[in-house]
Each structure stands twice: as C-alpha cells, then as structure tokens.
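Listed in order, the protein sequences are those of chains A and B.
No gaps in the numbering here: position 288 of the first sequence is 287 in numbering that gives the first Met the number 0, and each next residue is one more.
No gaps in the numbering here: position 19 of the second sequence is 18 in numbering that gives the first Met the number 0, and each next residue is one more.
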Amino acid sequence: MAMYVPPPDPSLLPPGESEAALDVMHGSAQPAVEDSVLAGLEAQEAELEALQKPRSMLRRGWEVFAENKLALVGVGTVVFMILFCFIGPLIYHTNQVNTNLANYLCPPSGSHLLGCDDVGYDELGRLMVGGQTSLEVGFAAAFVSVLIGTFYGAISGYIGGPVDSFLMRIVDAGLSIPYIMVVIILSVVFHPNTAIMIFIIAAFYWLGVARLVRGETLTLRTREYVQAVKVAGGGSMRAVTRHVVPNAIGTIIVQATFAVADSILILAGLGFLGLGVQPPATDWGTMLSNGLTYLQGGGYWWLIYPPGIAIIVTCIAFNFIGDALRDAFETRLQRR
Amino acid sequence: MIGYLIRRIFQALIVLFIVTVFTLALVHLFPGGPIRALLGPKASPEQVAYYNKLYGFNQPFFVQYGKWVAQLFHGNLGYSIRLNQTVASEIALYLPKTIILVGLGLIVSLAFGIPLGVYQAVKRYTVGDYALTGLSFLGYATPTFFVGLLLVEWFAIDVHLFPPFAPQASSVGAVLSQPRALVLPVISYAFVLYALWSRFMRSSTMDNLVQDYVRTARAKGASERRVLWGHVFRNSLISIVTLLGLSLPTLVAGAIFIEVVFNYPGMGLAFYQAALNVDYATLLGFTLIATIATIVGNLLADIGYAWLDPRVRYS
Chain A
0 MAMYVPPPDP SLLPPGESEA ALDVMHGSAQ PAVEDSVLAG LEAQEAELEA
50 LQKPRSMLRR GWEVFAENKL ALVGVGTVVF MILFCFIGPL IYHTNQVNTN
100 LANYLCPPSG SHLLGCDDVG YDELGRLMVG GQTSLEVGFA AAFVSVLIGT
150 FYGAISGYIG GPVDSFLMRI VDAGLSIPYI MVVIILSVVF HPNTAIMIFI
200 IAAFYWLGVA RLVRGETLTL RTREYVQAVK VAGGGSMRAV TRHVVPNAIG
250 TIIVQATFAV ADSILILAGL GFLGLGVQPP ATDWGTMLSN GLTYLQGGGY
300 WWLIYPPGIA IIVTCIAFNF IGDALRDAFE TRLQRR
Chain B
0 MIGYLIRRIF QALIVLFIVT VFTLALVHLF PGGPIRALLG PKASPEQVAY
50 YNKLYGFNQP FFVQYGKWVA QLFHGNLGYS IRLNQTVASE IALYLPKTII
100 LVGLGLIVSL AFGIPLGVYQ AVKRYTVGDY ALTGLSFLGY ATPTFFVGLL
150 LVEWFAIDVH LFPPFAPQAS SVGAVLSQPR ALVLPVISYA FVLYALWSRF
200 MRSSTMDNLV QDYVRTARAK GASERRVLWG HVFRNSLISI VTLLGLSLPT
250 LVAGAIFIEV VFNYPGMGLA FYQAALNVDY ATLLGFTLIA TIATIVGNLL
300 ADIGYAWLDP RVRYS
C-alpha cells in the first residue's frame with residue numbers, strides 16, 4: 000500500500016474492467032467499489048465451487064441440450080403437435096365418425112379450414128385424429144421396442160459367452176430380413192388396429208436397440224462398479240437393472256427418440272400402402288394414400304400437403320431432439 | 000484373415016438357418032393357415048384339408064421345413080397358385096428391373112452424397128454445411144413415397160416435364176429405352192439414400208480429420224489437397240463400405256414404396272400385390288431372396304471392411 004503504482008492507461012483496458020482494475024492497483028479504493036470487486040471474486044469462487052461440485056448427470060445433460068437451439072425448436076414442435084392432435088379436437092369440433100358426401104372434396108373455406116376429403120370428413124379435424132394415431136403408435140412402439148431391446152441387449156451382453164452368441168444370432172437373423180416385408184405380411188395377416196400396429200412395428204424395431212445396448216453393455220461390464228456387484232454377491236439381474244442399464248441410459252434415450260420418428264414413418268408407409276389402421280380411424284399415411292387418388296385431378300392440394308408436412312415436421316423435430324440428446328450425453332463428460 | 004472368414008461365414012450360416020425357420024413360420028401365421036387364407040372364408044373344410052394335404056401343410060412343422068429346404072437346394076423356390084407360375088420365374092422377370100432402379104438410385108445418391116459429405120466436413124459450421132444438413136434432415140424425415148408423390152405432382156402434373164409413371168415395359172432393354180420415365184423414380188429413391196450417405200460421410204470425414212496420421216501428413220508438408228483426398232477420403236470411404244452392406248434392408252424398403260408410387264413392375268410391386276392377394280408362395284420366396292441378399296451383403300461388407308482395415312481381423 001505504501002508503494003506507488005502508476006495508474007495504467009484506462010483506455011487500454013476493456014470498458015467493464017478498467018475501473019475495478021484501477022482500484023485494485025491503487026489499493027486505496029472507495030469502499031463501494033471495493034465491495035463490487037469482492038462480490039466479483041465471490042461470484043468467481045461460487046462458480047469454481049459449482050464446477051467442482053458433482054452435478055447430476057441429467058442436469059449437466061440438460062444444460063448442453065438447452066444450449067442447442069434446434070433441440071428446443073424440436074421440443075417445441077413436438078409439444079405443439081401433441082396439443083394440436085389431442086387438445087385441438089376439443090376446440091375445433093368436427094364430425095369424424097359419420098361421412099357427409101355433401102362435402103365431397105370441398106375446398107378450404109370458413110367452415111372447413113382445410114377443406115374436406117372424398118367422404119366429406121373435415122381435413123383439419125382428420126389431421127388431428129390421424130395425428131393421434133400416428134403419435135400414439137410412434138410413442139408406444141418406441142417405448143415397447145426400447146424396453147424389450149434394452150433388457151435383451153443388456154442381459155445378452157452381461158452374460159456373454161455362448162448365450163450371448165446365440166441371442167445375438169437371433170438378432171442378426173431378425174435384422175437381415177428386410178423389416179418392411181415382414182411388416183407388410185403381418186399387416187395383411189392381422190388387419191391391424193392401433194394396438195396391434197404398435198406390436199407389429201415394435202416386433203422389428205427392438206432388434207436394432209438390442210444390438211446397440213448389447214454393445215454398450217460389453218464395455219460397461221468390465222467397469223469396476225459392475226465387477227464390484229459380482230464380488231459382493233449381487234445377482235446378474237441386479238447388476239443389469241441397477242448398474243448396466245442406468246449407465247447406458249444415454250444411448251437408450253437417444254435411440255428411443257429416433258425410434259419415435261422411425262415408427263411414425265413406418266406407420267405412414269403402411270398407411271400409404273393401404274395396410275394401416277382401418278376406417279373410420281386414420282393416420283397421416285392413410286390420409287396421404289387417399290390424397291394420391293385425387294392427385295391426377297389436380298388442385299386438391301389440401302389432401303396431400305397437410306398430412307405430408309405433418310409427418311415431415313414431426314419426424315424432423317424428433318431427429319433434432321435425438322441429435323441434441325446424443326451431443327448432450329456424449330459431451331457431458333468431456334466438457335463439464 | 001482365413002480364420003476370420005471361416006468364423007464369419009459360420010455365423011452367417013446360423014443366421015440363415017434361423018431366418019428360414021422364421022420365414023416359413025410367417026406363412027403359418029395366416030388365420031387358419033395359408034390354404035384357408037388363399038381359398039377364402041367360403042371354402043369348405045374338406046377343400047382346405049384336401050389342399051393342405053396336397054401341399055404338405057398337414058405335416059409337422061419341421062418335416063415341412065426339411066422338405067422346403069431340400070427343394071430350395073434344388074433351386075425350387077415354390078409355386079404361386081395365384082399366378083400359376085413358379086416363384087423363380089417371377090423373380091427372373093422382376094429382379095432385373097428392380098436392380099436397374101436400385102442400381103441407378105444408388106449411383107445417383109452416392110455420386111451426390113459422398114462429395115457433398117466431404118464438402119460439409121471440410122467446410123463444417125458454415126452456411127453451406129448447415130444448408131446441406133437441413134437437406135439431409137429433410138431426407139431422413141420424409142417418407143420415400145411422399146418424395147415420389149411430390150415429384151409427380153410438381154414435375155408430371157403441374158409441369159409436364161416427365162411422365163408420372165415408370166416404364167411399364169416387360170423387358171430390361173425396353174425399360175432402359177425410356178430414360179425420361181426413369182428420372183422421377185430414380186430421383187425419389189436417391190433422395191432418401193443421399194441423406195444417409197452424406198450424413199455418414201460428413202461425420203466419418205470429420206472423425207478422420209483429427210486423427211494423428213493427418214497431423215503427420217501435414218507435418219511432412221503434404222498439401223491440404225493430398226491430405227484430404229489421399230489420406231482422409233480413403234479412410235472415410237472404408238466406413239461407407241460397411242454402411243452399404245448394412246443398408247440393404249433400407250434399399251429393399253425404398254424400392255417397394257417407389258415401385259408402388261410409380262407403378263414400376265419390379266420385385267417390390269409384385270411383393271405388395273402378393274401380400275394383398277395372400278399369395279404366400281411369392282411372399283415366402285421373395286422374403287427369402289431379399290434376406291439371403293442381405294446376409295450376403297452384410298458378409299461381403301464385413302469381409303471388405305476386414306480386408307480394408309487390418310485392425311478389424313484381430314478383434
């Protein structure tokens with residue numbers, strides 16, 4: 000304090016720092032300014048502490064996720080689609096049970112915002128009802144296939160040896176049959192409703208999940224904490240459910256997100272082939288299939304664009320979320 | 000390498016066994032069996048029993064399986080009662096046309112996907128990269144048939160640039176003689192595949208760009224061009240080889256939708272019609288052929304990968 004330090008040229012310092020820096024160097028600063036410096040230091044310390052304090056994996060994941068604008072757009076879109084399909088019909092009342100041929104292919108107007116289809120259903124209302132099927136099947140098929148695939152893959156990978164080889168050959172076999180062919184055959188056999196459709200799609204989708212989770216399990220199996228369960232006398236079920244699966248949760252959640260998009264696409268494809276859910280129920284693919292009939296006539300754009308765009312927008316949204324989640328889970332260890 | 004080959008082929012054979020059991024079982028999923036499904040609900044039980052006996056469906060499953068496989072080894076893929084034709088002759092008729100469609104689609108998609116993927120990796124996080132990423136996202140999220148449908152709407156109905164349907168000719172030469180009619184089907188097919196290749200090529204190139212050997216090459220004074228095309232590109236292509244083998248089911252799926260949209264008389268359209276007609280022999284034969292193609296494709300991809308990247312053989 001006794002020593003005199005020549006004041007640095009304030010113009011050389013960045014605007015915010017110049018004053019505080021000057022005060023520190025002078026030593027004899029006014030109390031108010033000293034407080035602000037101290038507060039700054041405290042904030043820095045708190046930040047350091049926060050960095051050292053282990054935060055929950057999900058929390059860190061969320062921080063990376065939330066930085067990704069596309070991911071937030073994706074979440075927003077999915078929430079909008081859910082509200083549109085499930086809450087929408089409560090606001091925008093349409094008759095989706097009885098046909099009304101008086102409205103045959105009527106163009107968009109005040110009473111039918113997106114026009115009508117070939118049996119007189121209101122197209123906007125149909126989009127909501129069809130979206131319910133598409134979203135329900137998408138979410139449920141993703142859930143079922145991820146659930147089955149996770150446990151199959153984790154158990155197979157954890158047990159290892161000949162059992163693993165055998166279980167994985169079954170997966171290989173399933174994956175080498177072009178899924179669309181089997182799905183088409185199954186749809187023809189079962190004349191599916193929504194519930195059956197979920198199982199038809201999940202019946203194939205779980206295979207890919209199983210292979211991924213098994214790969215993840217192979218690396219997790221050798222970790223000390225999993226080995227410790229074995230040494231401590233814990234059973235394989237315990238090791239798998241308490242340690243392997245929770246640590247593979249990143250891969251699993253990412254896969255689940257893509258599974259929703261893929262299931263919606265598969266359902267749309269089946270609907271397009273006329274093998275989707277039966278009328279009066281519908282889904283976006285079935286709606287497109289109906290629209291195709293009137294493509295040649297020209298001008299019936301409301302039969303094609305709304306369901307097509309709904310499929311694309313929803314699937315892109317899930318892909319955004321999936322990509323962001325993958326980044327979030329991959330970078331969480333490196334960056335934070 | 001030999002040991003790896005033997006191990007890998009042995010695995011493929013086991014997979015083949017499981018697959019054949021599974022596909023034959025599929026036929027028995029039809030309510031009341033395949034004959035009931037074929038003859039319809041009005042057929043009398045005697046008629047169903049007669050045909051069940053005639054075609055051996057009254058025997059135990061594994062006896063049927065044994066006979067079926069024995070026939071397969073003789074090249075007999077089955078007989079379609081619906082079409083009064085052997086499945087083998089159907090395949091001989093339709094497969095070449097599907098190969099034209101799939102082959103052209105693959106060439107077009109790779110011709111765009113690989114260079115643009117590399118471009119994206121080199122110019123990562125620029126406007127061009129983001130624009131192309133957007134395009135691939137669109138490719139991932141758009142159903143194949145919707146791409147076809149839109150192209151028909153835009154370029155065949157709104158503007159009479161191309162015919163709205165694919166070549167209908169029965170011979171391969173005649174199909175190729177109508178190149179204009181092939182444009183829309185090939186583009187729709189290629190668009191979805193393009194998304195796959197470009198995405199993969201981008202990440203694979205980016206992974207390779209940070210490898211030690213790239214730094215070594217640069218340190219030795221290799222030009223940026225040589226580093227990219229002489230080192231990085233070759234190594235990135237290795238993973239495309241695997242992806243090509245693994246994406247065979249995707250290729251089949253895409254072909255079915257495109258053939259239905261454009262009414263292109265290939266395997267996919269024939270399979271779809273067989274499904275609607277409960278033509279179980281055709282369904283069984285086609286599924287089997289597509290599956291064997293996939294298994295062989297995977298095997299070739301794995302072998303190709305092990306051959307290109309020696310590190311794989313030892314794992």
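All C-beta atoms in this analysis are idealised placements derived from N, C-alpha and C, irrespective of residue type, glycine included.
Classify residue i: buried if its beta carbon has 16 or more other beta carbons within 10 angstroms, exposed otherwise.
i: A:Tyr103; result: exposed
i: B:Val26; result: buried
i: A:Ala227; result: exposed
i: B:Asp211; result: exposed
i: A:Asn289; result: buried
i: A:His92; result: exposed
i: B:Asp301; result: buried
i: A:Asn99; result: exposed
i: B:Asp157; result: exposed
i: A:Val128; result: buried
i: B:Lys96; result: buried
i: A:Gly156; result: buried
i: B:Ser108; result: buried
i: B:Gln70; result: exposed
i: B:Asn297; result: buried
i: A:Met180; result: buried
i: A:Met167; result: buried
i: A:Pro306; result: buried
Once you ignore the five residues that flank residue i on each side, which residues in its own chain have a CB closer than 7 Å to its CB?
i: A:Phe319; result: Leu69, Ala70, Val72, Gly73
i: B:Asn234; result: Asn207
i: B:Gly74; result: Ala87
i: A:Met196; result: Val136, Leu266, Val276
i: B:Tyr139; result: Ala194
Assign residue i to one of three DSSP states: helix, strand, or coil.
i: B:Thr125; result: coil
i: A:Thr256; result: helix
i: A:Thr221; result: coil
i: A:Asp261; result: helix
i: A:Asp171; result: helix
i: A:Gln277; result: coil
i: B:Thr85; result: strand
i: A:Cys314; result: helix
i: A:Asp116; result: coil
i: B:Tyr78; result: strand
i: A:Asp282; result: coil
i: B:Asp278; result: coil
i: B:Asp308; result: coil
Going by alpha carbons, who is nearest to residue i out of the options?
i: A:Gly207; options: A:Phe317, A:Val63, A:Ile176; result: A:Ile176
i: B:Ile255; options: B:Gly112, B:Tyr188, B:Ile34; result: B:Tyr188
i: B:Phe161; options: B:Ser170, B:Gly172, B:Leu149, B:Val171; result: B:Leu149
i: A:Leu291; options: B:Met266, B:Asn262, B:Gly172; result: B:Asn262
i: A:Gly249; options: A:Phe328, A:Phe79, A:Gln131; result: A:Phe328
i: B:Phe136; options: A:Thr221, A:Asp117, A:Pro161, A:Ala316; result: A:Ala316
i: B:Gly104; options: B:His159, B:Val86, B:Pro309, B:Glu258; result: B:Glu258
i: B:Tyr93; options: B:Ser197, B:Ser202, B:Gly265; result: B:Gly265
i: A:Ala309; options: A:Arg237, A:Ile90, A:Leu294, A:Phe79; result: A:Phe79
i: B:Gln316; options: B:Thr281, B:Ser197, B:Ala252; result: Residue 316 of chain B cannot be examined here, being either before or after the span of chain B that is shown, 0 to 314.
i: A:Met236; options: A:Pro279, A:Gly160, A:Ile154; result: A:Ile154
i: B:Phe111; options: B:Gln167, B:Leu28, B:Arg201; result: B:Arg201
i: A:Thr149; options: A:Ala255, A:Gly233, A:Ser164; result: A:Ala255
i: B:Phe56; options: B:Ser43, B:Val231, B:Arg225, B:Arg35; result: B:Arg35
i: A:Ser110; options: A:Pro279, A:Asp121, A:Ala247; result: A:Asp121
Between which residues of its own chain and residue i is the CB-CB distance below 6 Å, once the five residues before and five after are set aside?
i: B:Phe270; result: Phe285
i: B:Leu307; result: Ile237
i: A:Ala141; result: Ala255, Ala258, Val259, Ser262
Who are the Cβ neighbours of residue i in its own chain at under 8 Å, not counting the five residues just before and after it?
i: A:Pro30; result: Legend: pLDDT at A:Pro30 = 47, less than 50; position of this residue unreliable, no value from coordinates given.
i: B:Ser169; result: Leu92, Pro264
i: A:Ile183; result: Leu269, Leu272, Leu274
i: B:Arg6; result: none
i: A:Leu324; result: Gly60, Phe64, Ala70, Gly249, Ile252, Val253, Thr256
Problem set entry | Contacting positions in the segment 175 to 206 of chain B - beta carbon closer than 7 Å to chain D | The question asks about chain D, but that chain is absent: this structure's protein chains are A and B.
For this session: Note down, one range per segment and in chain order, each alpha helix (DSSP H) of at least 4 residues found wholly within the segment 171 to 241 of chain A.
Result: Entirely contained in the segment 171 to 241 of chain A, the alpha helix (DSSP H) runs reaching 4 residues are, in chain order, 178 to 189, 193 to 219, 223 to 230.
Exercise. Taking the runs of the alpha helix (DSSP H) that are 4 residues or longer, which of them lie wholly in the segment 131 to 203 of chain B?
Worked result: For the segment 131 to 203 of chain B, the full-length alpha helix (DSSP H) segments reaching 4 residues or more read 143 to 151, 171 to 175 along the chain.
Exercise. Which ranges would you report for the alpha helix (DSSP H) in the segment 210 to 265 of chain B if only whole runs of at least 4 residues count?
Worked result: 211 to 218, 232 to 245, 247 to 261
Problem set entry | Continuous alpha helix (DSSP H) assignments of at least 4 residues falling wholly in the segment 8 to 91 of chain B | 32 to 38, 44 to 53, 60 to 72
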